[in-house]
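Residue numbers (the working numbering): 48 to 140.
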Amino acid sequence: PITKEDHYSITYYSPQPRAVLRVVDPQQTDQLKDYGEWGRVELTTLTKEFFMPRFLERDEAIRKEPRSPYPWDGVAEVRPFGAMEKKIVEGVY
Numbered sequence: 048p049i050t051k052e053d054h055y056s057i058t059y060y061s062p063q064p065r066a067v068l069r070v071v072d073p074q075q076t077d078q079l080k081d082y083g084e085w086g087r088v089e090l091t092t093l094t095k096e097f098f099m100p101r102f103l104e105r106d107e108a109i110r111k112e113p114r115s116p117y118p119w120d121g122v123a124e125v126r127p128f129g130a131m132e133k134k135i136v137e138g139v140y
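(1) Write down the C-beta distance between F98 and L90 rounded to the nearest angstrom, noting that I regard them as a contact closer than 8 Å.
(2) Closest to V71 by CA distance: which of R105, P116, E132 and R114 is it?
(3) When DSSP labels each residue in this structure, what does K51 get in the three-state scheme?
(4) Using C-beta distances below 7 Å, list every residue in its chain close to G86, excluding the 5 sequence neighbours before and after it, in chain order.
(5) Using only alpha-carbon positions, find the residue among D53, Y55, L68 and E52 that is nearest to D120.
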């Protein structure tokens, strides 16, 4: 639930183990960002039909702590990667 303590921010938690979200340093993608820091979103997908390890998404987000009922990291304030540095064009391909 969204609460005042969370500043009404939505946090997404992936459906592990099928999908794992991490927030990584854009310059060193093997390094996780600390909780509360911005970084690039990395997605690993693991299903019977499809495996894609460590795919760098076109998004950046804040790394959030695990919370009940999700014992793994979440992502919040998701936006296009580099949104604060340049004009981003969004749309259908």
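Heads up, the beta-carbon is just placed ideally off N, CA and C, and yes, glycines get one too.
Well, looking at it:
(1) Taking a contact as a CB-CB distance under 8 Å, the pair F98 and L90 does not count as one, their CB atoms being some 12 Å apart.
(2) Closest by alpha carbon: R105.
(3) helix
(4) V70, V71, D72, P73, K80, E107 and R110
(5) Looking at D53, Y55, L68 and E52, the one whose alpha-carbon comes closest to that of D120 is L68.
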